Amino acid sequence: QVQLVESGGGLAQPGGSLRLSCAASRNIFSITGMGWYRQAPGKQRELVAGFTTGGRRTYADSVKGRFTISRDNAKNTMYLQMNSLKPEDTAVYYCNAYPIFDLPWGQGTQVTVSS
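In this text, residue positions in the sequence shown follow the working numbering: the first is 71, and each later residue adds one.
Written out as C-alpha coordinates, the structure is:
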(Lines of atoms letter the chains of each structure in order from A and count residues from 1; the text may use other names and numbers.)
(Lines give C-alpha, C1' and ligand atoms only; values in the text may rest on other atoms or scores of the structure.)
Protein backbone atom coordinates (compact mmCIF):
# COMPACT_ATOMS: atom_id res chain seq x y z
CA GLN A 1 0.00 0.00 0.00
CA VAL A 2 1.39 3.38 -0.96
CA GLN A 3 2.30 5.81 1.81
CA LEU A 4 1.98 9.57 1.47
CA VAL A 5 4.02 12.01 3.54
CA GLU A 6 3.21 15.70 3.51
CA SER A 7 5.66 18.38 4.61
CA GLY A 8 6.45 22.06 4.27
CA GLY A 9 3.72 23.59 6.38
CA GLY A 10 4.26 26.18 9.03
CA LEU A 11 3.38 29.68 10.10
CA ALA A 12 3.15 32.37 7.46
CA GLN A 13 2.04 35.96 7.50
CA PRO A 14 -0.82 37.13 5.32
CA GLY A 15 0.57 37.72 1.86
CA GLY A 16 3.37 35.27 2.44
CA SER A 17 4.26 32.03 0.70
CA LEU A 18 4.80 28.39 1.54
CA ARG A 19 5.65 25.36 -0.56
CA LEU A 20 4.19 22.02 0.42
CA SER A 21 5.56 18.66 -0.63
CA CYS A 22 3.91 15.27 -0.89
CA ALA A 23 6.23 12.31 -1.13
CA ALA A 24 4.84 8.97 -2.22
CA SER A 25 6.50 5.70 -1.27
CA ARG A 26 6.33 4.50 -4.85
CA ASN A 27 5.58 5.78 -8.32
CA ILE A 28 1.86 6.45 -8.52
CA PHE A 29 1.70 9.78 -10.32
CA SER A 30 1.76 8.09 -13.69
CA ILE A 31 -1.17 5.82 -12.86
CA THR A 32 -3.50 8.04 -10.85
CA GLY A 33 -4.48 11.66 -10.61
CA MET A 34 -3.34 13.39 -7.45
CA GLY A 35 -4.60 16.30 -5.46
CA TRP A 36 -4.12 18.49 -2.46
CA TYR A 37 -6.90 18.68 0.09
CA ARG A 38 -7.29 20.72 3.25
CA GLN A 39 -9.37 20.63 6.38
CA ALA A 40 -9.90 23.62 8.59
CA PRO A 41 -11.18 23.28 12.16
CA GLY A 42 -14.87 22.55 12.19
CA LYS A 43 -15.06 22.20 8.42
CA GLN A 44 -15.15 19.34 5.98
CA ARG A 45 -12.10 18.33 4.01
CA GLU A 46 -12.08 20.05 0.64
CA LEU A 47 -10.15 19.83 -2.60
CA VAL A 48 -7.61 22.60 -3.06
CA ALA A 49 -5.98 21.57 -6.33
CA GLY A 50 -5.61 18.45 -8.40
CA PHE A 51 -4.28 17.11 -11.64
CA THR A 52 -5.18 14.14 -13.78
CA THR A 53 -2.71 11.58 -15.08
CA GLY A 54 -2.71 13.58 -18.30
CA GLY A 55 -1.58 16.66 -16.43
CA ARG A 56 -4.82 18.62 -16.55
CA ARG A 57 -5.00 20.85 -13.49
CA THR A 58 -7.95 22.07 -11.49
CA TYR A 59 -8.13 24.53 -8.62
CA ALA A 60 -10.69 25.53 -6.04
CA ASP A 61 -12.06 28.98 -6.80
CA SER A 62 -10.71 30.25 -3.50
CA VAL A 63 -7.09 29.55 -4.49
CA LYS A 64 -7.07 30.23 -8.23
CA GLY A 65 -4.27 32.56 -9.20
CA ARG A 66 -2.52 32.07 -5.86
CA PHE A 67 -1.70 28.36 -5.63
CA THR A 68 0.11 26.18 -8.15
CA ILE A 69 0.17 22.39 -8.14
CA SER A 70 3.06 20.54 -9.74
CA ARG A 71 4.75 17.17 -9.63
CA ASP A 72 8.08 15.49 -10.22
CA ASN A 73 7.42 11.94 -11.36
CA ALA A 74 11.08 10.99 -11.07
CA LYS A 75 11.04 11.91 -7.38
CA ASN A 76 7.54 10.57 -6.70
CA THR A 77 6.80 13.99 -5.25
CA MET A 78 4.02 16.50 -5.69
CA TYR A 79 4.14 20.14 -4.68
CA LEU A 80 1.79 22.96 -3.84
CA GLN A 81 3.21 26.44 -4.16
CA MET A 82 1.05 28.78 -2.11
CA ASN A 83 1.42 32.51 -2.62
CA SER A 84 -0.53 35.49 -1.32
CA LEU A 85 -1.65 33.46 1.65
CA LYS A 86 -4.75 34.49 3.54
CA PRO A 87 -5.89 33.66 7.08
CA GLU A 88 -8.67 31.56 5.57
CA ASP A 89 -6.02 29.27 4.09
CA THR A 90 -5.27 28.05 7.61
CA ALA A 91 -5.86 24.30 7.67
CA VAL A 92 -4.20 20.92 7.70
CA TYR A 93 -3.18 20.07 4.15
CA TYR A 94 -3.19 16.53 2.80
CA CYS A 95 -2.42 14.86 -0.48
CA ASN A 96 -4.31 11.95 -1.93
CA ALA A 97 -5.56 10.55 -5.18
CA TYR A 98 -7.81 12.74 -7.32
CA PRO A 99 -10.68 12.85 -8.00
CA ILE A 100 -11.36 9.87 -5.78
CA PHE A 101 -9.23 10.00 -2.65
CA ASP A 102 -8.91 6.28 -2.17
CA LEU A 103 -5.38 6.10 -0.81
CA PRO A 104 -4.50 5.97 2.91
CA TRP A 105 -4.35 9.48 4.31
CA GLY A 106 -1.03 10.79 5.57
CA GLN A 107 -0.62 12.83 8.71
CA GLY A 108 -0.99 16.08 6.84
CA THR A 109 0.94 19.29 7.32
CA GLN A 110 -0.38 22.26 9.27
CA VAL A 111 -0.52 25.63 7.56
CA THR A 112 -1.27 28.63 9.74
CA VAL A 113 -1.62 32.09 8.25
CA SER A 114 -1.60 34.78 10.88
CA SER A 115 0.03 38.08 11.64
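In this text, a Cβ means the ideal position worked out from N, Cα and C, and glycines have one as well. Predicted model, so just to flag it, every value in this text is computed and none were measured.
Cβ pair GLY124, MET104 closer than 8 Å: no
Residues that PHE121 bridges to, as DSSP identifies them: MET104 and ARG127
Which listed residue (PHE99, GLY85 and GLN73) has its alpha carbon closest to that of ASP142: PHE99
Sequence-distant residues of the same chain with beta carbon closer than 6 Å to VAL75, five excluded per side: ALA93 and GLY176
Beta carbon of ALA161 nearer than 8 Å to that of ARG108: yes
Straight-line Cα distance separating GLN180 from ASN153: 16 Å
Exposure label - ALA82; buried when at least 16 CB within 10 Å: buried
Limits of the beta strand (DSSP E) - the one that GLU158 falls within: Element bounds for GLU158: n/a, residue is neither H nor E.
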